[in-house]
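In the numbering used here, the protein residues as written are 15 to 430. Here a beta-carbon is modelled for each residue, glycine too, at the ideal position from N, C-alpha and C.
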């Protein structure tokens with residue numbers, strides 16, 4: 015049994031930021047457990063730029079961003095267990111892990127969950143057809159091309175317009191492949207607007223909205239796909255079916271927080287985000303267990319992942335020192351036009367500002383977000399546009415939090 019103050023599960027951007035923040039807040043006894051052979055998580059295969067604009071004020075590639083945090087971890091002498099898979103987290107914060115050294119057990123003062131997320135697979139979509147070679151999730155194709163040097167195909171169709179799918183449309187084109195189409199079942203893209211412009215429009219790759227892959231053709235290798243438009247209920251419109259010959263199908267159909275450990279620990283999950291229910295300190299409903307990054311909510315910017323990791327790291331230190339006191343807790347809910355708000359719980363304290371993260375249900379033009387408590391308005395902010403692919407952030411000042419009398423709700427109003 016290894017006694018330690020804080021155990022961080024996951025060595026991606028969120029986990030590293032949490033460990034560094036905890037160390038800098040005064041707790042030197044921090045360990046990171048990561049199942050990969052290298053720190054950085056998904057960033058190591060994201061060789062495109064666009065990372066770090068908020069955090070460092072400059073454009074970095076994924077590996078460059080990861081290296082900055084890896085250097086921070088190394089400089090501080092934070093103990094890292096690589097190629098170590100966490101098997102179980104008990105209610106009394108004993109973390110069991112499997113490594114090359116055998117089974118390890120850590121008795122922690124606090125645990126920070128930073129396991130990231132995984133891609134939804136073909137099995138979740140029920141697309142008719144055989145099981146030929148050439149069907150990949152977009153992230154798998156990204157790893158094969160960027161890390162292993164394999165080109166996955168010559169003629170591709172991409173289902174889903176998430177950021178990884180958009181980036182892979184550009185990546186395949188730069189590798190000499192032809193991307194025939196990007197299909198999106200929703201009437202709007204779920205990726206960042208800058209990726210739609212830089213990855214599709216700049217390369218003349220067509221994006222078909224309200225369209226899905228209705229069938230995969232081919233036995234040994236993908237020979238083509240049938241695409242079709244869908245109605246309001248996302249049912250295929252038969253007369254719109256058309257065949258596209260291709261040898262590769264990439265699926266970019268959503269990310270799911272990697273929460274098997276969280277479930278086994280008995281921690282309550284949100285049905286909307288598929289991540290833990292947390293307060294503003296990122297503490298889950300299991301005392302002393304915190305969550306941050308993509309295991310909590312799927313982010314579109316790694317800068318926000320790092321910010322959330324820092325919140326969790328500092329909060330874990332406060333918990334270990336006994337500084338997180340029991341305070342009145344109110345719920346935070348999503349109202350009209352808002353899909354979810356995080357955190358889902360708010361401890362009413364006037365010690366610091368709180369950022370509310372949220373996503374809208376559909377694309378909007380100019381909108382005004384209202385934050386109310388017990389029916390009374392706390393604050394309002396205006397945005398020129400809002401889309402589900404881009405996370406919104408609303409700052410709630412400590413003065414406003416002191417005015418909270420009841421449950422908090424966030425809703426939007428369209429400004430004509």
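{"query": "Coarse secondary structure for residue 260, derived from DSSP in three states", "result": "coil"}
{"query": "Contact under 9 angstroms by Cβ, residue 192 with residue 318", "result": "no"}
{"query": "Residue 228 vs residue 255 beta-carbon contact at 9 angstroms", "result": "yes"}
{"query": "Three-way DSSP call (helix, strand, coil) for residue 104 in this model", "result": "coil"}
{"query": "Spatial distance of residue 294 from residue 422 (CA atoms)", "result": "13 angstroms"}
{"query": "Inter-residue CB distance, residue 375 and residue 385 (contact presumed, cutoff 8 angstroms)", "result": "Going by Cβ atoms, the distance from residue 375 to residue 385 rounds to 17 angstroms, so no, they are not a contact pair."}
{"query": "Reduced DSSP secondary structure (H/G/I, E/B, other) of residue 76", "result": "helix"}
{"query": "Burial state of residue 208, where buried means 16 or more other Cβ atoms lie within 10 Å", "result": "exposed"}
{"query": "Extent of the continuous beta strand (DSSP E) run through residue 95", "result": "93–95"}
{"query": "Proximity below 9 angstroms, CB of residue 167 to CB of residue 18", "result": "no"}
{"query": "Minimum C-alpha distance to residue 417 - residue among 405, 424, 388 and 397", "result": "388"}
{"query": "Anticipated Cβ contact below 8 angstroms, residue 356 with residue 424, distance rounded", "result": "In fact, because the Cβ distance is near 10 angstroms, the residues do not count as touching under 8 angstroms."}
{"query": "Inter-stretch contact (C-beta, 8 angstroms, three-pair minimum) for the segment 293–312 and the segment 184–191", "result": "no"}
{"query": "Distance, residue 253 Cα to residue 26 Cα", "result": "46 angstroms"}
{"query": "At least 3 beta-carbon pairs within less than 8 angstroms: the segment 137–145 vs the segment 30–37", "result": "no"}
{"query": "Beta-carbon separation (whole angstroms), residue 230 vs residue 146, contact threshold 8 angstroms", "result": "7 angstroms"}
{"query": "Under the three-state DSSP convention, the category residue 434 falls into", "result": "Residue 434 lies beyond the range of the chain shown here (15 to 430); nothing can be said about it."}
{"query": "Residue 16, DSSP secondary structure in three states", "result": "strand"}
{"query": "Cβ-Cβ distance between residue 315 and residue 68 below 9 angstroms", "result": "yes"}
{"query": "Top-ranked residue by Cα proximity to residue 412, from 429, 370, 79 and 54", "result": "370"}
{"query": "Residue 429 burial status per 10 Å Cβ neighbour count (16 or more: buried)", "result": "exposed"}
{"query": "C-alpha gap between residue 79 and residue 251, whole angstroms", "result": "44 angstroms"}
{"query": "Residue 172 to residue 180 span [Cα, whole Å]", "result": "8 angstroms"}
{"query": "Contacts around residue 485, its chain only, beta-carbon distance under 6 angstroms, and the 5 residues preceding and following it disregarded", "result": "With the chain represented from 15 up to 430, any question about residue 485 goes unanswered, as that position is not in the structure."}
{"query": "Exposure label - residue 219; buried when at least 16 CB within 10 Å", "result": "buried"}
{"query": "Boundaries of the beta strand (DSSP E) in which residue 156 is found, first to last residue", "result": "Note, residue 156: premise wrong, no beta strand (DSSP E); alpha helix (DSSP H) at 152–160."}
{"query": "Cα-Cα separation, residue 332 to residue 235", "result": "55 angstroms"}
{"query": "Presumed contact (8 angstroms Cβ cut-off) between residue 175 and residue 198, rounded CB distance", "result": "4 angstroms"}
{"query": "Residues near residue 401 by beta carbon distance below 6 angstroms, same chain, minus five either side", "result": "377"}
{"query": "Whole-Å CB distance - residue 324 paired with residue 31, under 8 angstroms assumed", "result": "5 angstroms"}
{"query": "Cutoff 6 angstroms; reference residue 202; Cβ partners in own chain excluding five residues on either side", "result": "377"}
{"query": "Where residue 328 falls, given that 16 or more other Cβ within 10 Å makes a residue buried", "result": "buried"}
{"query": "Segment contact flag, the segment 261–268 with the segment 147–155, C-beta cutoff 8 angstroms, min 3 pairs", "result": "yes"}
{"query": "Alpha carbon of residue 366 to alpha carbon of residue 156, nearest angstrom", "result": "40 angstroms"}
{"query": "DSSP state of residue 286 mapped onto helix, strand, coil", "result": "coil"}
{"query": "Residue 328, enclosing alpha helix (DSSP H) - first and last residue", "result": "316–334"}
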